[in-house]
Every structure is written in C-alpha cells, then in structure tokens.
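Single-structure report; data block below.
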Amino acid sequence: MIENEIANFKKYCTEKYGSRTGTAVSYTNAIKYLFEYLHMENIDNESVLELRSIETNIRNTNSSLYKDILEFFVTRGQSSYIEKGFLKAAIPVLYEYLKTQTSLSQSDNIILEELKDSQIDARFNQDILKNEFPVADKILHDYTLRRINGTTQLAVKRIVSGRKSEKYFISFLTDILNFEPNIDFIDVANNKNYGYDIWFHNIGLEIKNIGSGTFYLTDNEIAQLESKQTHLIFVDVNNGIWLLKNSSPWLKKIIDDIKSIRKICTDNYDNLDLSDIRIITDDALKQQVHNLLKKSKNEFTELIGCRGGN
Numbered sequence: 003m004i005e006n007e008i009a010n011f012k013k014y015c016t017e018k019y020g021s022r023t024g025t026a027v028s029y030t031n032a033i034k035y036l037f038e039y040l041h042m043e044n045i046d047n048e049s050v051l052e053l054r055s056i057e058t059n060i061r062n063t064n065s066s067l068y069k070d071i072l073e074f075f076v077t078r079g080q081s082s083y084i085e086k087g088f089l090k091a092a093i094p095v096l097y098e099y100l101k102t103q104t105s106l107s108q109s110d111n112i113i114l115e116e117l118k119d120s121q122i123d124a125r126f127n128q129d130i131l132k133n134e135f136p137v138a139d140k141i142l143h144d145y146t147l148r149r150i151n152g153t154t155q156l157a158v159k160r161i162v163s164g165r166k167s168e169k170y171f172i173s174f175l176t177d178i179l180n181f182e183p184n185i186d187f188i189d190v191a192n193n194k195n196y197g198y199d200i201w202f203h204n205i206g207l208e209i210k211n212i213g214s215g216t217f218y219l220t221d222n223e224i225a226q227l228e229s230k231q232t233h234l235i236f237v238d239v240n241n242g243i244w245l246l247k248n249s250s251p252w253l254k255k256i257i258d259d260i261k262s263i264r265k266i267c268t269d270n271y272d273n274l275d276l277s278d279i280r281i282i283t284d285d286a287l288k289q290q291v292h293n294l295l296k297k298s299k300n301e302f303t304e305l306i307g308c309r310g311g312n
C-alpha cells in the first residue's frame, strides 16, 4: 500500500540526507501530498507513467497544472512544500529510490529511464510533409504463442507517440499559423480539470496520433464529442494534420457502433469488458476530414473556433 511505500521512501531519504537537516521529511511529505493530489494509491507502472508525463508541467510555475497543485497544497496549509521547491527536488529522488527496489521489474526501469516529457520533442516541418491521409487495412489478430510480453513497452510507446503528436500540433499552431500559446490557445493535456488536450477559444481539441491508421476513444472523449465540447485533430508526424468535426456522420456511426458492441458484450458476456476498441481509418473518413495544412490562420479559426456546425 501507499503508506508502506512512502515509509520506505522516507527511510531512503533519511539514509541519503541524514536525519538532522529535515530534507528527508520535506521530500517525503512533498511526494506523499502529490500522490494524494493525483489520487494515486500505489507506486507502480501506472503511477510512474503518469508522473513522468506531467513532470515538466509540475516544474513550470506558469503551467495550469502547477497552479492547480499549488492551490491544492495551499488549501491544506502545505504550500511551503511546493513554493520552496521541495516537490520539484523530491521527484528525481523518488526515481532514484525506485531504481533501488528489487520489487521493480525491468519494465518499470524502462519507464523511469525513457519517459520524460521534456525529452519528447516534435517540431513541425512543412518541407518534408507527405500529406497523405493514413488509411489502414483490417486488423487481423494473431494468437501465436510468444515468449516476450511487451505490454509495458507498448504503453510507454503509446504515451510518447501521443505526446509527440500534441507537441507537433502545437508547433504547427505557433510556428506556421502564428498563434500565441496561453493567449490564443492553452495546452491542457496534463491538466485534470480538462477532458481534452488543447483549449482553443471556446472549443476543446482532442489530438489523436493516426500514424498507424488507427486510434482509440475513451468514454470521456466520446462524451465530450457528443456534447459538442470537442473536435478531433488527427496527426501523423511528418505527414499531415487533419480535423474531424464532432458533427461528422462517420464519427457518429463509429460511436454508435462502439456503444452497440459494448451493449452486446454486457448483455451476453459477464466476464468481458471492451474498454479499448481500436478504430480503423478508411476512405469514408478520408472524405470527411479537413486538411488543416491548407488553411490560413483565419480559416483555421473559423473552422475550429465554434462548437458544432459542419
């Protein structure tokens, strides 16, 4: 449980910094309160993945996430832990501690080493674009026995590729269309108060990496689309960027099909749950997307900057 893990982290900090300086207690409390803010009950693969993905924003005093964490700490009388830098200093020490734990698998250490938001970079370069909307073939499942379980590595790859797509799109907004970050749009991908990646004027934009010709929709993303709160932005790095509006007939059919399949599963298969359903792009979708690379700044704003519409 989290109490035992926090206690072990405190012991590690005490051995590292001694018991007289107060550093061990400050670092331990900072991590404990951060995990409470994030509603994390264990230090495991999932929590490390999330912490790695938001670490840069925790360090950025101008980010919405930092301000939200600060408010959380302030309301509990714990603001000194973030204002005096204990939280930022404690995170890399937590990673050091985790590397010493024999209970961590090799895949855990892959996460600790590889997933860092500040190292994820993707700049938009219009000179090398292919500008071909990715269309995938039908997916065939292979149940052949294998010796390697790549679940964790795939999780890391999925998160990194998703964040690359977000940063690539942000680069397009700033470098090509000359929008001002935090004025014209806000990167809210790591802010728990939003259910999407980019806040643009009065609409949310959900970024989807479709380099493989496939993507996923969570329950919340479906709810956001159905309530006209968001549009989908399809990104294939070094290929193109497309918009699929929430009013798309193709999208409506996909969402209806997902709900129908899940209802069949709920009604007939008590021990199965279809949480992740991979959505495959096709020529019909290709006809309904808007190629954003062909839009001017004003055309982009007109196309995206209002809820609903065609």
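Under the numbering used here, the first residue of the sequence shown carries the number 3, and numbering increases by one thereafter. Just so it is clear, CB atoms sit at the ideal spot from N, CA and C, and this is done for glycine as well.
Tell me whether residue 23, by its Cβ, gets closer than 7 angstroms to a heavy atom of the ligand ADP. In the structure shown, the ligand ADP is absent, as is every other ligand, since no ligand is present at all.
Residue 134 beta carbon less than 8 angstroms from that of residue 242: Yes; because the gap between Cβ atoms is below 8 angstroms, this pair is in contact.
Return the bridge partner residues of residue 210 from the DSSP annotation. Answer by DSSP bridge pairing, in chain order: 236.
Member of 195, 212, 28 whose CA lies at the smallest distance from the CA of residue 96: Considering only alpha carbons, the answer is 28.
If you run the structure through DSSP and keep just helix, strand and coil, what is residue 183? Here residue 183 sits in strand by DSSP.
Let me know the secondary structure DSSP gives residue 245 once reduced to three states. In the structure shown, residue 245 sits in a strand (DSSP, three-state: E or B).
Per DSSP, what are the beta-bridge partners of residue 293 in this structure? As computed with DSSP, residue 293 is found in a beta bridge with 244.
Assuming contact is defined by CB atoms lying nearer than 8 angstroms, are residue 245 and residue 306 in contact in what I supplied? Yes, the Cβ-Cβ distance between residue 245 and residue 306 is below 8 angstroms.
Quick one: using the 10 Å Cβ neighbour count with 16 as the cut-off for buried, is residue 99 buried or exposed? Under a 10 Å Cβ-count criterion, residue 99 is classified as buried, with 16 or more other Cβ atoms of the shown protein chains found around its own Cβ.
Using the rule of at least 16 other Cβ atoms within 10 Å of the residue's Cβ for burial, across every protein chain shown, is residue 289 buried or exposed? Classification for residue 289: exposed.
State yes or no: is the C-beta of residue 302 within less than 8 angstroms of the C-beta of residue 295? Between residue 302 and residue 295, the C-beta gap is not smaller than 8 angstroms, which leaves the two residues out of contact.
Name the DSSP bridge partner or partners of residue 201? According to the DSSP secondary-structure assignment, residue 201 is paired through a beta bridge with 188, 206.
Residue 165: which of 130, 236, 185, 180 sits nearest, CA to CA? When each option's Cα is compared against that of residue 165, the closest is 236.
Does the Cβ-Cβ distance between residue 281 and residue 263 come in under 8 angstroms? The answer is no: Cβ separation not under 8 angstroms.
Taking only the alpha-carbon atoms, compute the straight-line gap between residue 16 and residue 68 and give it to the nearest angstrom. When rounded, the separation of the alpha-carbon atoms in residue 16 and residue 68 is 27 angstroms.
Residue 287 burial status per 10 Å Cβ neighbour count (16 or more: buried): Under this definition residue 287 is a buried residue.
Would you decide whether residue 54 is buried or exposed? Buried here means 16 or more other CB atoms lie within 10 Å of its CB. By the 10 Å Cβ count, residue 54 comes out buried.
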